[in-house]
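Colleague: Each number in the numbering used here comes from the position in the sequence shown (counting from 1) with 1 added on. Quick one: this structure, given as structure tokens, is what I'll be asking you about.
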Amino acid sequence: MDPLDIVGNLDKIKPVYQPIVSAIRHNIIGYEVLGRYDNGDQWLSLGDFFHDTDVPDDFKVEVDQHLLHIAITEMLELNREGLLFINRNAKQLLVNDGEDLLQTLIMFEEKGFAMNRIVIEVTEHDFDEDFEILNHLLLYYKTYGVQIAVDHVGAKSSNIDRIRQLEPHILKIDTTIIRKNKTEGFQDIMYSLSLLARRIGSALLFENIEEDYQLYFGWKHGGRYYQGYYLARPEFGLTSEDALAVNVGEKVTEYITREKALIEERLTYLLHWEQRVKDLLPRFDGTKKADSFIELVTNQFDEESFRMYVCNSDGQQVSSNFRKLDDIWEIESNKKGSNWSFRPYFLENMVQMRTWSRGILSDIYSDIETREMIRTFSYPLSDQHFLFIDIRYSFIYDNESLLI
Ligand code: CA
């Protein structure tokens with residue numbers, strides 16, 4: 002496609018709208034606006050035109066302005082509520098100091114389309130150049146109520162610091178990265194991104210959802226909004242809820258049922274494990290006999306655990322390490338005296354255990370020694386003594402409820 006053909010034939014260009022669905026009420030809260038070009042035979046995506054760095058930025062501005070005019074006019078004519086998500090790259094925004102877009106939005110505001118219904122999507126790789134100027138411009142737009150989204154978050158290395166500076170209203174997470182066997186690494190990225198989003202008050206939007214497991218992933222990882230072919234393709238008309246390809250409410254009900262069952266199953270493990278230790282508790286006789294007590298515990302956790310020890314309330318290890326090597330529990334007495342209070346949540350968990358007289362199951366983490374993903378079950382033996390039972394990965398892996 003010749004860019005000149007496109008700019009010279011604006012009458013052959015129309016917007017399509019892809020619905021964005023909310024996790025809260027499962028309704029459509031807005032549409033992302035994309036461009037289509039009629040070449041005589043078919044409607045082609047304008048993606049290539051917009052992504053081509055050889056196309057002059059003012060061409061792109063002109064086409065985008067045209068699409069925006071049509072989109073807002075249609076929303077107003079059809080009396081549609083909700084947001085319009087529009088894509089703009091940094092260079093395009095900076096043409097004429099971003100005044101074209103602003104003036105258009107001011108004009109439409111007078112016609113009844115509030116500025117806070119516009120969400121500008123900027124992509125992360127736009128941050129590489131001119132970040133300060135872009136940040137400044139977006140702050141300026143924000144003062145008018147315009148919302149900002151960062152597109153394709155997590156696709157490449159994330160500019161965490163710049164996202165933090167920008168404080169966007171929405172982070173759009175690209176779920177094409179999630180392929181069933183690759184979720185593990187992405188889960189770690191998601192963990193950091195959702196912490197960041199909470200800190201700066203951004204909502205997570207999961208896009209490019211094409212299959213059920215991607216929607217499930219988005220729901221499970223705190224996605225407030227969803228978008229993708231699995232829900233609806235971009236259409237010339239403004240799709241309504243009953244035309245969505247799946248019933249999001251029903252889907253979420255499935256996920257809730259599944260998730261609750263897994264949590265209950267996990268708690269059942271915890272209760273069993275607590276009971277096993279409780280039954281042995283009358284035989285716990287203080288620090289000096291900690292090792293002989295652990296020996297009793299190893300029999301009870303032979304299948305689940307590969308390592309256990311006892312610490313006092315200052316985090317100091319008062320027993321040997323019991324470690325299972327080739328099916329035999331070895332005693333490593335040189336570990337006695339180690340202090341573990343520096344580990345994340347250690348003191349917090351210890352006080353919790355003591356206060357509630359309950360065991361705690363940690364989340365999944367990578368063991369520093371073995372590099373294996375493990376969990377730790379801990380239990381208060383007394384006000385001063387705490388038993389730590391490391392659960393081996395193969396056991397976790399065989400029990401789905403322990404993987405979440
Ligand atoms: Ca986009």
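Virtual Cβ for every residue (Gly too), placed ideally from N, Cα, C. Computed from a predicted structure; not experimentally measured.
1) Taking 9 Å as the threshold (C-beta atoms), are Phe294 and Asp286 in contact?
2) Flag this pair as touching only if the region 228-239 and the region 14-32 have three or more C-beta atom pairs under 8 Å; answer yes or no.
3) When the Cα atoms are used, what is the spatial distance from Leu167 to Asn136?
4) When the Cα atoms are used, what is the spatial distance from Leu271 to Glu265?
5) Please report the distance separating the alpha-carbon of Glu125 from that of Arg372.
6) Does the distance between the C-beta of Asp49 and the nearest non-hydrogen atom of ligand 1 fall short of 8 Å?
7) Taking 8 Å as the cut-off, is the beta-carbon of Lys173 closer than that to any non-hydrogen atom of ligand 1?
8) Taking all protein chains shown into account, do 16 or more other C-beta atoms lie within 10 angstroms of the C-beta of Thr240, making it buried, or fewer, making it exposed?
9) Would you say the beta carbon of Asp152 is closer than 8 Å to some non-hydrogen atom of ligand 1?
10) Please state the DSSP three-state secondary structure of Glu266.
11) By a C-beta neighbour count over all protein chains shown, 10 Å radius and 16 as the cutoff for buried, is Ala246 buried or exposed?
12) Which same chain residues end up closer than 6 Å to Ile405 when comparing Cβ atoms and leaving out the 5 residues on each side of it in sequence?
13) Please classify Pro16: does DSSP put it in a helix, a strand, or coil?
14) Can you tell me whether Asn88 sits near ligand 1, meaning its C-beta is under 8 Å from at least one heavy atom of the ligand?
15) When we look at the beta-carbon of Asp42 and count the other beta-carbons within 10 Å, is it buried (16 or more) or exposed?
16) Determine the direct distance from the alpha carbon of His222 to that of Phe187, and round the result to whole angstroms.
17) Using the C-alpha atoms, what's the distance from Gly113 back to Leu77?
18) Please tell me whether Arg267 and Ser402 are closer than 9 Å, where the distance is taken between their beta carbons.
19) When you compare the CB positions of Gly435 and Ala115, do they come within less than 9 Å of one another, or not?
20) Output the residue ranges of the beta strand (DSSP E) runs that lie fully inside the region 296-381 and measure 3 residues or longer, sorted by chain position.
21) Looking at the strands, I want to know which residues DSSP matches up with Glu130.
22) Whole-angstrom Cβ separation of Ile149 and Leu139, contact assumed at under 8 Å?
23) Return helix, strand or coil for Thr288, following the three-state DSSP convention.
24) Considering only their Cβ atoms, is the gap separating Gly48 from Leu69 smaller than 9 Å?
25) In the structure shown, what three-state DSSP assignment does Tyr32 receive?
26) By DSSP, does Lys221 sit in helix, in strand, or in coil?
Modeller: The short version:
1) For the purposes of this step, residue 286 is taken as the residue at position 285 of the sequence shown. For the purposes of this step, residue 294 is taken as the residue at position 293 of the sequence shown. Yes, they are a contact pair.
2) Contact between the region 228-239 and the region 14-32 is present, because at least three Cβ pairs lie under 8 Å.
3) Counting from one through the sequence shown, the residue named residue 167 turns up at place 166. Counting from one through the sequence shown, the residue named residue 136 turns up at place 135. Each residue's Cα considered, the two are about 6 Å apart.
4) Locating residue 271 in the sequence shown gives position 270, where the first residue counts as 1. Locating residue 265 in the sequence shown gives position 264, where the first residue counts as 1. So the alpha carbons of these two residues sit roughly 10 Å apart.
5) Counted from its first residue, the sequence shown places residue 125 at position 124. Counted from its first residue, the sequence shown places residue 372 at position 371. About 32 Å.
6) Translated into positions along the sequence shown, residue 49 becomes position 48. For Asp49, the CB stays at least 8 Å from every heavy atom of ligand 1.
7) For this step, residue 173 is matched to residue 172 along the sequence shown. Flag set: Cβ of Lys173 near ligand 1.
8) As a first step, residue 240 is located in the sequence shown; it is residue number 239 there, counting from the start. That one is buried.
9) One-based indexing of the sequence shown puts residue 152 at position 151. Correct: Asp152 has its Cβ closer than 8 Å to ligand 1.
10) In the sequence shown, the residue the question calls residue 266 occupies position 265. In the three-state DSSP reduction, Glu266 falls in the helix class (H, G or I).
11) Against the sequence shown, residue 246 aligns to sequence position 245. Result: exposed.
12) Locating residue 405 in the sequence shown gives position 404, counting from the first residue. Non-local beta-carbon contacts of Ile405 in its own chain, meaning distances under 6 Å to residues more than five positions away in sequence, involve Leu263 in chain order.
13) Position 15 of the sequence shown holds residue 16. Looking at Pro16 - three-state DSSP - the assignment turns out to be strand.
14) Against the sequence shown, residue 88 aligns to sequence position 87. Within the cutoff, so yes.
15) Taking the first residue of the sequence shown as position 1, residue 42 is located at position 41. Flag for Asp42 reads exposed.
16) Residue mapping note: residue 187 aligns to position 186 of the sequence shown, counting from 1. Residue mapping note: residue 222 aligns to position 221 of the sequence shown, counting from 1. If you draw a straight line from the Cα of Phe187 to the Cα of His222, it comes to about 11 Å.
17) Stepping through the sequence shown from its first residue, residue 77 is reached at position 76. Stepping through the sequence shown from its first residue, residue 113 is reached at position 112. So the two alpha carbons sit approximately 8 Å from each other.
18) For the purposes of this step, residue 267 is taken as the residue at position 266 of the sequence shown. For the purposes of this step, residue 402 is taken as the residue at position 401 of the sequence shown. Against a cut-off of 9 Å, the Cβ pair of Ser402 and Arg267 comes out as a contact.
19) Here the chain has residues from 2 to 405 only, and residue 435 is not among them.
20) The qualifying runs are 306-313, 322-326, 329-333, 374-381.
21) By 1-based counting over the sequence shown, the position of residue 130 is 129. In DSSP, Glu130 forms no bridge with anything.
22) For the purposes of this step, residue 149 is identified with residue 148 of the sequence shown, where counting begins at 1. For the purposes of this step, residue 139 is identified with residue 138 of the sequence shown, where counting begins at 1. Contact flag correct, Cβ pair sits at about 5 Å.
23) Taking the sequence shown and counting its residues from 1, one reaches residue 288 at position 287. If DSSP states are grouped into helix, strand and coil, Thr288 belongs with the helices.
24) Position 68 of the sequence shown, counted from the first residue, corresponds to residue 69. Position 47 of the sequence shown, counted from the first residue, corresponds to residue 48. Cβ distance not < 9 Å, so Leu69 and Gly48 don't count as in contact.
25) Mapped onto the sequence shown, residue 32 falls at position 31. Note: Tyr32 maps to strand in three-state DSSP.
26) Locating residue 221 in the sequence shown gives position 220, where the first residue counts as 1. Helix, per DSSP.
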